[in-house]
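A.B. asks: One structure coming up, written as structure tokens, with questions to follow.
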Amino acid sequence: MNRDAAVLSLHEVAVRYPSGTVGLEPTSLSVGRNCLTVLLGASGAGKSTLLRTLNGLVRPTAGEVRHTDLGALHDRATLRAHRRRSAMIFQQHQLIGRWHALANVLVGRLGAYPGWRTLLPMPETERRRALACLERVGLLDRALDRCDTLSGGQQQRVGIARALAQDPELFLADEPVASLDPGSGRRVLALLREICRERAMAAVVSLHQVEMAREFADRVVALSAGRVVYDGPPDGLDDTLLERLYGRAALDEPAD
Ligand SMILES: Nc1ncnc2c1ncn2[C@@H]1O[C@H](COP(=O)(O)OP(=O)(O)OP(=O)(O)O)[C@@H](O)[C@H]1O
Ligand SMILES: [Mg+2]
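The sequence shown begins at 1312 in this note's numbering and counts up one residue at a time.
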């Protein structure tokens, strides 16, 4: 496997919602393995639209999304195959609070089985695999604790363990640290970056915290009004670009 190979590429992809709102202007970019890409931009800039386009949750109204191995994501079978190879986590980690952490992680494995199989208990190999994922995020000792007894940062780490259990090649996260204090947020992003390197995954994460993008991103894609206005290393995030993204007031605010 080429550790930096592109997993997915967008070719002049545009999204217009049925309401007529433009979510994404025609955009071409590719996401490669072994790279943590951070999406930045003000509210409404198109970060979630771009993330959702990457795993087919939003269908482009123009252009083409191509998976390097599977080809164009036009038909349902290709889209399904792509979704099985990608994992997404959200701001609210969408865990089942009254289930323990291990059961939530096992949910990540259900996609690997036909529907009828999910009615039977999961095989022991799957439990071991899920426990290994919890161990990777530092929560093995909490495996049998109900998720609603864990802190926000711990719950987000269970969400990451569940995503890892899918063994994805593409990891997508929409504001994964938005509801966490800066310390917990940093731990989650540091973990994501480490895992991205270990597994040579492509990871795309949207953030509102510019300082965290500077600290953790390998690549920053900045959006404004549905358009990519910057695509490069985090040290290109200068005052001119930040003012363009967030307005003058953002420059006067202290960093988090
Ligand atoms: N389901 C939808 N139907 C109609 N318009 C939508 C939908 N989702 C997003 N939009 C619009 O598309 C544009 C981009 O929205 P998007 O959610 O991608 O922005 P964002 O950068 O993720 O913002 P935020 O930081 O607030 O999450 C906005 O104008 C938004 O109102
Ligand atoms: Mg969003």
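Even for Gly, the Cβ is constructed at its ideal location relative to N, Cα and C. All values derive from a computational prediction rather than experimental measurement.
Using the rule of at least 16 other Cβ atoms within 10 Å of the residue's Cβ for burial, across every protein chain shown, is Met1485 buried or exposed?
C.D. replies: Position 174 of the sequence shown, counting from 1, holds the residue named residue 1485. Checking the sequence, you will find Asp at residue 1485 rather than Met. Burial call: buried.
A.B. asks: Considering only heavy atoms of ligand 1, list every residue whose Cβ is less than 5 Å from one of them, following chain order.
C.D. replies: Answer in sequence order: Tyr1328, Ser1330, Thr1332, Gly1334, Ser1354, Gly1355, Ala1356, Gly1357, Lys1358, Ser1359 and Thr1360.
A.B. asks: Can you grab the Cα-Cα spacing for the pair Val1324 / Ala1383, in whole Å?
C.D. replies: Along the sequence shown, one-based indexing puts residue 1324 at 13. Along the sequence shown, one-based indexing puts residue 1383 at 72. Roughly 12 Å separates the two Cα atoms.
A.B. asks: Could you tell me if Gln1405 is buried or exposed, where buried requires 16 or more neighbouring beta carbons within 10 angstroms of its beta carbon?
C.D. replies: What you label residue 1405 is simply residue 94 of the sequence shown in a count that begins at 1. With fewer than 16 other Cβ atoms within 10 Å, it is exposed.
A.B. asks: Distance check for Arg1538 and Tyr1328, CA to CA, integer angstroms please.
C.D. replies: Indexing the sequence shown from 1 puts residue 1328 at position 17. Indexing the sequence shown from 1 puts residue 1538 at position 227. The straight-line gap from Cα to Cα measures roughly 15 Å.
A.B. asks: Out of Ala1412, Leu1351 and Arg1468, state which residue places its alpha-carbon closest to the alpha-carbon of Arg1530.
C.D. replies: In the sequence shown, counting from the first residue as 1, residue 1530 sits at position 219. Ranking Ala1412, Leu1351 and Arg1468 by Cα distance to Arg1530 puts Leu1351 first.
A.B. asks: Should Pro1434 be labelled buried (16 or more other beta-carbon atoms within 10 Å of its own) or exposed?
C.D. replies: Counting from one through the sequence shown, the residue named residue 1434 turns up at place 123. Pro1434 comes out exposed.
A.B. asks: So, at 6 Å on beta carbons, what are the nonlocal neighbours of Ala1489 in its own chain, with the 5 sequence-adjacent residues on each side left out?
C.D. replies: As a position in the sequence shown, residue 1489 is number 178, starting the count at 1. Excluding positions up to five away in sequence, the list reads Gln1402.
A.B. asks: Take Ala1472 and list the residues in its own chain whose beta-carbon comes closer than 6 Å to its own, dropping the five residues that flank it on each side.
C.D. replies: Your numbering for residue 1472 matches position 161 in the sequence shown. Val1416, Cys1444, Leu1445 and Val1448.
A.B. asks: From which residue to which residue does the alpha helix (DSSP H) around Ile1506 run?
C.D. replies: If you number the sequence shown from 1, residue 1506 lands on position 195. Its alpha helix (DSSP H) spans residues Pro1493 to Glu1509.
A.B. asks: With DSSP as the reference, please indicate the residues paired to Cys1346 in a beta bridge.
C.D. replies: In the sequence shown, residue 1346 corresponds to position 35, counting from 1. Per DSSP, Ala1513.
A.B. asks: Give the secondary structure of Gly1367 by DSSP, where H, G and I count as helix, E and B as strand, and everything else as coil.
C.D. replies: Start at 1 with the first residue of the sequence shown, and residue 1367 comes out as number 56. Coil, per DSSP.
A.B. asks: Ends of the beta strand (DSSP E) at Gly1543?
C.D. replies: On the sequence shown, residue 1543 is found 232 positions in, with the first residue counted as 1. It spans Arg1538 to Gly1543 - the beta strand (DSSP E) in which Gly1543 sits, taken as one unbroken run.
A.B. asks: State the DSSP-derived secondary structure class of Met1523, mapped to helix, strand or coil.
C.D. replies: The residue you call residue 1523 lines up with position 212 of the sequence shown. Met1523: helix per DSSP, three-state reduction.
A.B. asks: Rounded to the nearest angstrom, how far is the Cβ of Gly1408 from that of Ala1476, given a contact under 8 Å?
C.D. replies: As a working note, residue 1408 is residue 97 in the sequence shown. As a working note, residue 1476 is residue 165 in the sequence shown. The pair is not a contact, with the Cβ atoms about 19 Å apart (cut-off 8 Å).
A.B. asks: Note down the Cα distance separating Glu1375 from Ala1536, rounded to an integer number of angstroms.
C.D. replies: On the sequence shown, residue 1375 is found 64 positions in, with the first residue counted as 1. On the sequence shown, residue 1536 is found 225 positions in, with the first residue counted as 1. Distance between the alpha carbons of Glu1375 and Ala1536: 20 Å.
A.B. asks: Spell out the partners DSSP gives Val1333 in its beta bridges.
C.D. replies: Mapped onto the sequence shown, residue 1333 falls at position 22. In DSSP, Val1333 forms a bridge with Arg1327.
A.B. asks: Apart from the five residues just before and just after Leu1340, which ones in its own chain have a Cβ nearer than 8 Å to its Cβ?
C.D. replies: Within the sequence shown, numbered from 1, the residue matching residue 1340 stands at position 29. Closer than 8 Å at Cβ, skipping near neighbours: Ser1320, Leu1321, Val1532, Val1539 and Asp1542.
A.B. asks: Pick helix, strand or coil for Ile1400, following the three-state DSSP scheme.
C.D. replies: As a first step, residue 1400 is located in the sequence shown; it is residue number 89 there, counting from the start. If DSSP states are grouped into helix, strand and coil, Ile1400 belongs with the strands.
A.B. asks: Does Leu1518 come out as helix, strand or coil in the three-state DSSP assignment?
C.D. replies: Taking the first residue of the sequence shown as 1, we reach residue 1518 at position 207. Residue state, collapsed to three classes: coil.
A.B. asks: Can you name the residues that DSSP bridges to Val1416?
C.D. replies: Along the sequence shown, read from residue 1 onward, the residue named residue 1416 stands at position 105. Val1416 pairs with nothing; no bridge assigned.
A.B. asks: Per the contact definition of three or more C-beta pairs closer than 8 Å, is the segment 1383-1399 in contact with the segment 1363-1373?
C.D. replies: Flag = yes, the segment 1363-1373 and the segment 1383-1399 touch.
A.B. asks: Could you check what DSSP says for His1385 in three-state terms: helix, strand or coil?
C.D. replies: Within the sequence shown, the letter at position 74 stands for residue 1385. Residue state, collapsed to three classes: coil.
A.B. asks: Among Glu1554, Leu1534 and Leu1548, which has the Cα closest to the Cα of Gly1357?
C.D. replies: In the sequence shown, residue 1357 corresponds to position 46, counting from 1. Comparing Cα-Cα distances from Gly1357 to each of Glu1554, Leu1534 and Leu1548, the minimum goes to Leu1534.
A.B. asks: Could you have a look at Leu1534 and say whether DSSP puts it in helix, strand or coil?
C.D. replies: Sequence index remark: in the sequence shown, residue 1534 carries index 223 (1-based). In this structure, Leu1534 counts as strand in the three-state DSSP scheme.
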